[in-house]
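For the sequence shown, my numbering gives the first residue as 562, with consecutive numbering after it. C-beta: ideal position from N, C-alpha, C; glycine also.
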Amino acid sequence: MRPDAVPRDVLEKLIDAAVQAPNHRLTRPWRFWVLTGEAREELGEVMAEAARSGLDTSAGDDVGVVLDRERAKPLRAPAIFVVGIDQEPSDPVLSMENVEAGAAAIQNLLLAAHAMGLAAIWRTGASVYSPSVKRHFGLGDEDVLLGFVYVGYPAVTPPEVERTAMGKVEWWDGRRP
Ligand SMILES: Cc1cc2nc3c(=O)[nH]c(=O)nc-3n(C[C@H](O)[C@H](O)[C@H](O)COP(=O)(O)O)c2cc1C
């Protein structure tokens with residue numbers, strides 16, 4: 562992605578697309594944090610600290626290299642949508658469906674971004690499961706960070722990826738075969 566900033570009204574359109582996602586019981590469970598500028602550096606610091614606790618120096622992890630890599634990650638795009646879900650630990654079905662709605666919202670965001678000529682990628686990694694990264698966004702341990710969606714203007718045209726055929730599909734016409 563190029564480093565050029567994506568205008569606020571464009572970023573708002575992406576959220577507008579995201580929240581059209583299907584959502585059982587209209588819980589609107591999604592939460593978005595849109596990080597630009599130095600907010601990305603701050604996230605990098607939080608990710609580096611989270612990675613530090615998981616380091617195994619006896620296995621040869623080079624602390625400096627690993628932490629620098631974490632710090633640099635959020636700087637790969639001019640805008641990052643952090644997408645989280647407020648969870649309902651007392652209701653496992655609702656919790657699962659909230660996550661599903663959140664994933665659909667991210668897909669909407671990705672489709673809208675690409676339709677608008679932007680580059681966008683959904684990324685996770687260990688940091689989305691880290692309690693301290695969740696805390697950075699005011700989320701509790703039970704809440705879910707669905708990922709980081711990096712958005713920017715494309716610097717390159719990604720290569721065409723060959724999709725597999727339909728996969729495992731059964732066509733049932735009438736009684737179960
Ligand atoms: C839940 C989830 C997490 C992902 N995390 C990463 C990630 O951390 N890093 C990465 O390079 N791709 C990750 N991906 C894959 C990319 O989002 C993307 O699907 C992949 O680069 C292929 O691009 P395409 O879907 O446009 O073909 C993730 C996908 C999903 C659904």
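Integer Cβ distance of residue i from residue j, believed to fall under 8 Å
i	j	result
LEU596	VAL643	6 Å
VAL712	ALA681	5 Å
VAL571	VAL694	Not confirmed; about 26 Å, so no contact.
ASP734	PRO639	About 50 Å separates the two Cβ atoms, so there is no contact after all.
VAL710	TRP732	Wrong, their Cβ atoms sit about 34 Å apart, outside the cutoff.
DSSP-derived helix/strand/coil call for residue i
i	result
LEU655	helix
ARG632	helix
GLY605	helix
TYR711	strand
LEU672	helix
THR597	strand
VAL626	helix
VAL730	coil
GLY645	strand
ARG592	strand
ALA638	coil
THR722	First, the residue type needs correcting, since residue 722 is Val and not Thr in the sequence shown. The answer is coil: DSSP assigns VAL722 none of H, G, I, E or B.
LEU706	strand
Near ligand 1: residue i beta-carbon under 7 Å from a heavy atom
i	result
THR597	no
ARG737	no
GLU725	Before going on, a small fix: residue 725 reads as Thr here, not Glu. No, since every heavy atom of ligand 1 falls outside the 7 Å radius drawn around the Cβ of THR725.
THR618	no
Pair within 8 Å by beta-carbon distance, residue i and residue j
i	j	result
LEU706	GLY621	no
ARG563	TYR714	yes
ASN584	ALA662	yes
SER688	ALA600	no
Residue i versus residue j - alpha carbon distance
i	j	result
ASP577	ALA716	25 Å
GLY625	PRO590	37 Å
LEU671	GLU573	13 Å
ASP652	GLU703	12 Å
ARG592	ARG737	41 Å
PRO650	GLY605	29 Å
ALA665	GLY708	13 Å
ASN669	LEU587	16 Å
THR685	ARG637	14 Å
VAL654	PHE698	24 Å
VAL580	PRO692	26 Å
ALA673	ARG613	36 Å
LEU616	PRO719	33 Å
Any heavy atom of ligand 2 nearer than 6 Å to the CB - residues listed: Ligands in the displayed structure: ligand 1; ligand 2 is not one of them.
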